[in-house]
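Each remark here refers to the structure printed beneath this line.
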Amino acid sequence: MEQVTIEIRGEHVPAVLALPASGRGAGVIVVQEWWGLVPHIRDVVQRFADEGFVALAVDHYRGVETTEPDEAQKLMLGLDIGRVADDLAHAARTLVARADVEGDGVAVVGFCMGGGLALLAPTVSDDVCCSVAFYPAMPWPGYAPDWSRYAGKSALIHKAESDESWAGPSITAYATAITEHGGEAIVLDYPDSVHAFFNDDRPEVFQAANAQAAWRRTVEHVRGCSTPRNGATGT
2 MEQVTIEIRG EHVPAVLALP ASGRGAGVIV VQEWWGLVPH IRDVVQRFAD
52 EGFVALAVDH YRGVETTEPD EAQKLMLGLD IGRVADDLAH AARTLVARAD
102 VEGDGVAVVG FCMGGGLALL APTVSDDVCC SVAFYPAMPW PGYAPDWSRY
152 AGKSALIHKA ESDESWAGPS ITAYATAITE HGGEAIVLDY PDSVHAFFND
202 DRPEVFQAAN AQAAWRRTVE HVRGCSTPRN GATGT
């Protein structure tokens, strides 16, 4: 894994990039939780590379990380959704333009806050062919994706049972909107699951069985979402 920068509207934005052992693969963008681009997210980037993908994560907080929930909430709510949309679109264009990335589109996978942003990604870039959202949070007043841009694209949503009361109705509404606009939305429930069950850096919430099942389904979904270029077979 290496530290890189992506130029977005004249700003050099920090990011991390990991390549597969083969040197080539389909592209995946990983979107952080509200904590920032922390070691857990970097580990997910590397895990995708180990699965044969070219994986990238942009630092949407521009170098800020925290372990304090109150600070994390402030950082999340302070995000400029328009700027993040630019981050995602430029990251997707950067990956698609790379010679070592196979396929005409990339997947975007996110967690919590990043899950909500992953769902947004296909609506802001034609280079994004699918999204995977782990227990998505979408708390921003300006969060209003153009679901019509999901036509021919797909979303996989891993829903935590503990989130049903506050996120369940929104997830249902978004999945319905995606389907109504010609996309595919798959919502998977995990019985007795808690928010952030995939985060193995947080033993108080990590659930190994649910995490393993969600990871397997995520990799399968991402493998199937991009179209190879020039006869390439992908991962």
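At position 99 of the sequence shown the residue is numbered 100 (the numbering used here), and the sequence of numbers has no breaks.
All residues carry an ideal CB built from backbone N, CA and C; glycine is no exception.
Remember, it's a predicted structure, so these values are computed and weren't measured experimentally.
Secondary-structure assignment with DSSP links Ile179 through no beta bridge to anything. Assigned with DSSP and collapsed to three states, His61 falls in coil, not helix or strand. Contact between Lys160 and Gly184 does not hold, since their C-beta atoms are separated by about 17 Å, which reaches or exceeds 8 Å.
The beta-carbon distance between Ala16 and Leu80, rounded to whole angstroms, is 16 Å. This is too long to meet the 8 Å contact definition.
Collapsing the DSSP output to three states places Asp87 in a helix.
Residues of the same chain with a CB within less than 7 Å of the CB of Val45, apart from the 5 flanking positions on each side, are Val31 in chain order.
DSSP, reduced to helix, strand and coil, places His159 within a strand of the structure shown.
DSSP places Pro140 in no alpha helix (DSSP H); its state is neither H nor E.
With contacts defined by Cβ atoms closer than 7 Å, Phe54 and Ala27 form a contacting pair. Judged by DSSP in its simplified three-state form, Tyr151 adopts helix. Going by DSSP, Ala73 is part of the alpha helix (DSSP H) stretching over Pro70 to Leu78. Bounds of any alpha helix (DSSP H) do not take in Leu38, whose DSSP letter is neither H nor E. Straight-line spacing of the CA atoms in Glu221 and Gly64 works out to 31 Å. Assignment of Gly106 by DSSP, reduced to helix, strand and coil, places it in the strand class. Val5 is bridged by DSSP to Ala16.
In the structure shown, Phe199 adopts coil according to DSSP, grouped into three states. Inclusion of Thr124 and Pro146 in the CB contact set at 7 Å is warranted, their separation being smaller than that value. Per DSSP, Val125 lies in no alpha helix (DSSP H) segment and is marked neither H nor E. Taking one beta carbon from each stretch, the segment 108 to 115 and the segment 126 to 133 have 3 or more pairs nearer than 8 Å; the two touch.
Segment contact: the segment 77 to 95 against the segment 5 to 13, three or more CB-CB distances shorter than 8 Å; contact assigned.
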